[in-house]
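Q: Submitted below is the structure of interest, expressed as structure tokens.
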Ligand SMILES: [Zn+2]
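Protein chains in written order, with this note's numbering: chain H, 323 to 557; chain G, 19 to 377.
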């Protein structure tokens with residue numbers, strides 16, 4: 323069984339059967355804060371609802387972002403620690419790929435998540451390999467479009483099947499590839515389902531292609547100012 | 019669970035050291051530390067986001083190293099312990115997330131504990147020492163905190179007597195080092211610069227030490243005025259085109275810090291009628307501080323305890339040691355719902371203890 327964790331937006335933990343790709347259980351917390359508080363309870367709940375014990379887990383799949391730093395790290399820290407505890411491998415997954423998996427279309431589309439500070443994180447997909455959405459660009463940060471640039475905004479229901487995420491789709495009138503603007507249909511993901519992370523990990527394991535993502539996809543350097551010259555204190 | 023000599027792994031990520039410690043009761047088995055200090059050097063101080071990123075990368079290898087060094091298996095552990103606060107929120111959260119998942123993976127109880135009280139517990143696992151006697155006054159000095167505590171019982175009764183109202187003492191060393199054109203971290207740099215200097219050459223101010231301060235801030239500290247005073251003194255010399263006697267300035271500044279720390283700590287010993295003083299925190303590495311504390315305490319009949327330096331700086335062994343004491347005193351584990359608390363008061367020695375189930 324695969325234990326899957328993502329804390330790139332909210333917090334989500336799932337137990338996935340790699341043979342059947344069944345999401346045996348998924349526990350979610352929508353809040354974009356408080357990841358450290360909820361992670362233990364979500365892990366406990368997902369395992370209990372799946373009727374699994376830690377010894378049943380063979381791999382830990384984890385969403386590596388993109389996502390706001392502070393929360394994103396909690397899920398990765400938990401995934402690595404759980405794997406260390408059981409002596410099993412971690413399978414890193416790009417969190418946007420999970421949202422793309424749920425889109426289930428061969429046409430070109432972009433997954434967009436709020437990266438705060440008036441920026442979006444954007445990844446563009448077209449087609450798939452081994453059942454894994456083919457990411458043709460991203461994830462990258464782009465400035466959030468102004469409201470008047472958005473046309474045809476409409477709400478769409480998710481599949482409602484436990485692993486659903488996309489809340490809203492829209493078409494951009496004039497996508498600009500040079501500026502890294504989203505291409506094709508735009509899927510705004512408000513949450514990432516750990517179930518989808520787990521399914522992707524199962525497919526990656528089966529296909530024998532585990533991505534090497536050492537560090538989280540922060541996409542931003544730390545906020546840190548190099549000190550300037552020492553200021554005078556005398557008047 | 020073995021309650022007499024529990025085998026505990028402690029995780030500490032409150033500042034820039036990723037500490038993993040393993041203890042068996044009062045015995046230290048591993049004190050593994052990965053520091054991100056070098057990454058902060060060019061910024062002249064700890065950058066919270068840089069520290070948090072470094073914790074995430076360091077945790078897994080540090081746990082593996084600690085377990086190997088201790089010669090135990092993770093499955094053998096009786097409990098996992100973690101710092102819940104005080105400290106840098108984003109940094110603390112990395113340890114909290116990891117500790118919860120590790121405890122769940124192993125099916126072991128989790129103890130969320132107070133970092134400052136952990137500094138006191140460090141002394142318990144110091145090799146070849148007699149058990150720490152209570153009550154004791156504790157002076158904890160680092161780049162993140164400057165606190166004076168009255169410890170009546172490690173697991174149940176710790177009182178905050180005072181703390182810094184602005185900069186921590188370690189921060190003052192870093193800031194004054196910058197004024198003197200010396201690199202980060204400032205403590206060892208100022209020590210080196212002070213060699214051969216006259217500590218009495220310049221009378222820099224002792225913060226919150228005037229008679230008028232003592233009523234409200236008797237055991238509190240302030241180092242921000244001292245820093246400004248050093249800067250002003252240097253500017254005046256430079257304006258007058260005089261040579262700045264670096265060794266004298268460094269020695270006099272250090273003396274002002276050491277004097278106020280030791281004076282207030284010994285005042286606490288006397289006021290509280292406690293003839294014991296425990297020192298902890300990274301600034302205890304400062305030799306002049308240790309010398310002055312030992313000499314002046316001896317005059318007053320106060321016994322001073324100083325754990326080895328590797329247990330004074332932030333480390334996971336102290337967190338494991340505190341949890342081991344909590345377990346031995348019969349405390350139940352923490353629930354899984356606690357978070358990181360950057361301002362956790364010292365009275366909260368353990369966070370979110372499970373309520374006892376009454377039959
Ligand atoms: Zn400390």
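Built from N, CA and C at the ideal position, the CB exists for glycine as well.
Figure out for me which residue from 326(H), 334(H), 331(H) and 332(H) has the closest Cα to the Cα of residue 340(H).
A: 326(H)
Q: Residues in the segment 310-341 of chain G with C-beta within 9 angstroms of chain H's C-beta atoms, listed in sequence order?
A: none
Q: Using 10 angstroms around the beta-carbon of residue 354(G), count the other beta-carbons present and answer buried if the total reaches 16, otherwise exposed.
A: buried
Q: If residue 51(G) sits next to residue 75(G), beta carbons under 8 angstroms apart, how far is it from one beta carbon to the other, in whole angstroms?
A: About 14 angstroms separates the Cβ atoms of residue 51(G) and residue 75(G), ruling out a contact at the 8 angstroms cut-off.
Q: Alpha carbon to alpha carbon, what distance is there between residue 533(H) and residue 426(H)?
A: 21 angstroms
Q: What residue range does the alpha helix (DSSP H) around residue 246(G) cover?
A: From DSSP, the alpha helix (DSSP H) with residue 246(G) extends over 242-257.
Q: Mind listing which residues of the segment 73-84 of chain G have their C-beta closer than 9 angstroms to chain C's C-betas, in chain order?
A: Absence of chain C from the displayed structure is noted, the protein chains being H and G.
Q: Within a Cβ cutoff of 8 angstroms, which residues of the same chain sit near residue 305(G), ignoring the five residues on either side of it in sequence?
A: 209
Q: If you draw a straight line from the C-alpha of residue 348(G) to the C-alpha of residue 26(G), how long is it?
A: Between residue 348(G) and residue 26(G), the C-alpha separation is close to 15 angstroms.
Q: Give the DSSP-derived three-state secondary structure of residue 222(G) in the structure shown.
A: coil
Q: Near residue 450(H), what residues of its chain come up, given a Cβ to Cβ distance below 6 angstroms and the 5 sequence neighbours on each side ignored?
A: Excluding residues within five positions, the ones whose Cβ falls inside 6 angstroms are 456.
Q: What does residue 354(G) reach in chain H if we use C-beta pairs closer than 7 angstroms?
A: 362, 363 and 366
Q: Residue 204(G) to residue 361(G), Cα distance in whole Å?
A: 25 angstroms
Q: From 277(G), 202(G) and 240(G), pick the residue whose C-alpha is nearest to that of residue 218(G); which is it?
A: 277(G)
Q: Name the residues in the segment 112-125 of chain G whose C-beta lies less than 9 angstroms from a C-beta of chain H; which are they?
A: 112, 113, 114, 115, 116, 117, 118, 119, 120, 121, 122, 123, 124 and 125
Q: What are the start and end residues of the alpha helix (DSSP H) that includes residue 328(G)?
A: 327-330
Q: For chain H, check one thing: does any of its Cβ atoms lie closer than 8 angstroms to the Cβ of residue 50(G)?
A: Interface flag for residue 50(G) against chain H is unset, since no Cβ pair is found closer than 8 angstroms.
Q: List the endpoints of the continuous alpha helix (DSSP H) containing residue 289(G).
A: 264-290
Q: Would the segment 140-149 of chain G count as touching the segment 336-347 of chain G if we require 3 or more Cβ pairs under 8 angstroms?
A: Under the three-pair Cβ rule at 8 angstroms, the segment 140-149 of chain G counts as touching the segment 336-347 of chain G.
Q: Mind checking the segment 175-198 of chain G against chain H and listing, in chain order, the residues whose C-beta falls within less than 8 angstroms of any C-beta there?
A: Of all residues in the segment 175-198 of chain G, those with a C-beta nearer than 8 angstroms to a C-beta of chain H are 196 and 197, reading in chain order.
Q: In whole angstroms, give me the CA-to-CA distance for residue 353(H) and residue 360(H).
A: 9 angstroms
Q: Counting Cβ pairs, one atom from each stretch, are 3 or more of them under 8 angstroms apart for the segment 367-378 of chain H and the segment 390-399 of chain H?
A: Judged by Cβ distances under 8 angstroms, the segment 367-378 of chain H makes no contact with the segment 390-399 of chain H, as fewer than three pairs qualify.
Q: Apart from the five residues just before and just after residue 522(H), which ones in its own chain have a Cβ nearer than 8 angstroms to its Cβ?
A: The residues 383, 415, 419, 420, 423 and 454, in chain order, have a CB closer than 8 angstroms to that of residue 522(H) in the same chain once the five nearest residues on each side in sequence are set aside.
Q: Helix, strand or coil: which one does DSSP assign to residue 380(H)?
A: coil
Q: Where does residue 433(H) land, buried or exposed, given buried means 16+ other C-beta within 10 angstroms?
A: Around the beta-carbon of residue 433(H), 16 or more other beta-carbon atoms lie within 10 Å, marking it buried.
Q: Whole angstroms is fine: what's the gap from residue 369(H)'s alpha carbon to residue 517(H)'s?
A: 13 angstroms
Q: I want to see whether chain H comes within less than 8 angstroms of residue 62(G), judged by CB atoms only; does it?
A: yes
Q: For the alpha helix (DSSP H) holding residue 130(G), just list the boundary residues, first then last.
A: Residue 130(G) -> not in any alpha helix (DSSP H); beta strand (DSSP E) instead, spanning 128-132.
Q: Any contact of the segment 182-198 of chain G with the segment 57-70 of chain G, i.e. 3+ C-beta pairs under 8 angstroms?
A: These segments touch.
Q: Using a Cβ-Cβ distance cut-off of 8 angstroms, determine whether residue 368(G) contacts chain H.
A: With a threshold of 8 angstroms between beta carbons, residue 368(G) makes no contact with chain H.
Q: Would you mind reading off the limits of the alpha helix (DSSP H) that contains residue 192(G)?
A: 187-197
Q: Give a yes or no on contact between the segment 319-334 of chain G and the segment 291-299 of chain G, applying the rule of three or more CB pairs nearer than 8 angstroms.
A: The segment 319-334 of chain G is in contact with the segment 291-299 of chain G.
Q: Taking 7 angstroms as the cut-off, is the C-beta of residue 205(G) nearer than that to any heavy atom in ligand 1?
A: no
Q: Quick check on residue 548(H): buried or exposed, where buried means 16 or more other Cβ atoms within 10 Å of its Cβ?
A: exposed
Q: Taking buried to mean at least 16 other C-beta atoms within 10 Å of its own C-beta, is residue 359(G) buried or exposed?
A: Taking every protein chain shown into account, the CB of residue 359(G) has 16 or more other CB atoms within 10 angstroms, so this residue is buried.
Q: When Cβ atoms are compared, which residues of the segment 278-307 of chain G fall closer than 9 angstroms to chain H?
A: none
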